[in-house]
Amino acid sequence: MDYFMLSSKNLLIEKNIVEHRKNCFIGGKLKILGNDIKSRLFSQVSRMFEMFMSNNPDFITFFKNNMDMIMPDDYNSEKNKYGYLKNDYGSFFLIRVILHAIRGDFEEVKKRCSAYLEKPLKDSYYKYGELHYEFLSALADKDIDGMKKAIDGMMEQKVARKFSNDCNPDYEFYLHVYVIIYAKIALYHGIDLEIDNEVAPKELIDITPLEKYEDPYDFMKDFDLATVTPKEWKEWKNSWNLNL
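Counted from 1, the sequence shown has number 95 at position 80 by our numbering; the numbering is strictly sequential.
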């Protein structure tokens, strides 16, 4: 069963936000459990969307505790250079910055945002990419006006259309995935940007957890998102691959 597709159906067709969040949780946890040992959990920021949309705080804890497994540190201190800050890996670099932002490592967020904004990627694929880093830099400074300005830029029609390319196919045609993700991250840090738009409605930006989340399959119950360590996750990945 495709729980991500089902979660979008829950929201778009059935208007059932509770079932939507439940299926986002199931799909998100299954994505982690099924992650291949040789693969990145995320290749695009937009693939984090359902985990955020579940409103399950265990995903946030998981991101914080397993950041280096999700996206290894690319900083070379001897060369004072970021390895992923190039066209082939622009998305990886952004994911790492977002993980630092989730953890509240704002000094690191500022350094990485400054590095990107000093020399932004010029490939057409990354057009308007500066807006990501302008938002995250403003978040690090707790600059509400700066965050809102970056969000307004993302909401411009031509930019929103560009951001929806290669985004999340289950949601990109009716929601602004990036605006919702960023607004939620701000809210986790106690900052309400008061966004309420047709493509980023406030009820979806809300981060209130459901009263209960359930694992529909027994094997899911052995993996606790809130407590699993990088070592344990790696062991899970290895065992999953050995059983193929």
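Positions of the beta carbon are idealized from the N, C-alpha and C atoms, including for glycine.
Opening and closing residue of the alpha helix (DSSP H) in which residue i lies
i: Leu-208; result: Counting along the chain, Leu-208 falls outside any alpha helix (DSSP H), and DSSP gives it neither H nor E.
i: Ala-116; result: 105-118
i: Leu-26; result: 18-27
i: Pro-72; result: 72-80
i: Leu-151; result: 145-155
i: Met-68; result: 64-68
Strand pairing of residue i, partner residues [DSSP]
i: Ala-97; result: This sequence places Tyr at residue 97; Ala is not what is there. Tyr-97 pairs with Tyr-90.
i: Ala-130; result: In DSSP, Ala-130 forms no bridge with anything.
Residue i (DSSP reduced to helix, strand or coil)
i: Ala-215; result: strand
i: Gly-49; result: coil
i: Thr-242; result: coil
i: Pro-231; result: coil
i: Gly-161; result: helix
i: Lys-44; result: helix
i: Asp-138; result: coil
i: Phe-178; result: helix
i: Lys-249; result: helix
i: Asp-167; result: helix
i: Asn-38; result: helix
i: Asp-221; result: coil
Local Cβ density within 10 Å of residue i, reported as buried at 16 or more and exposed below that
i: Asp-239; result: exposed
i: Ile-75; result: buried
i: Asn-38; result: buried
i: Leu-56; result: buried
i: Arg-62; result: buried
i: Ile-41; result: buried
i: Ala-153; result: buried
Residue-chain proximity (residue i, chain B), Cβ-Cβ < 9 Å
i: Met-86; result: As a matter of chain content, chain B is missing from the structure shown, which is built from one protein chain.
Check your understanding: On the three-pair Cβ rule with 8 Å, is the segment 70-85 touching the segment 36-50?
Key -> By the criterion of at least three beta-carbon pairs nearer than 8 Å, the segment 70-85 is in contact with the segment 36-50.
Check your understanding: Using 8 Å as the threshold, is the segment 147-166 in touch with the segment 122-136, meaning 3 or more CB pairs across them?
Key -> The answer is yes - the segment 122-136 touches the segment 147-166, with three or more Cβ pairs under 8 Å.
**Study point:** contact_flag[the segment 236-250, the segment 203-215] where n(CB pairs < 8 Å) is 3 or more
**Key:** No, because fewer than three Cβ pairs between the segment 236-250 and the segment 203-215 fall closer than 8 Å, the two stretches do not touch.
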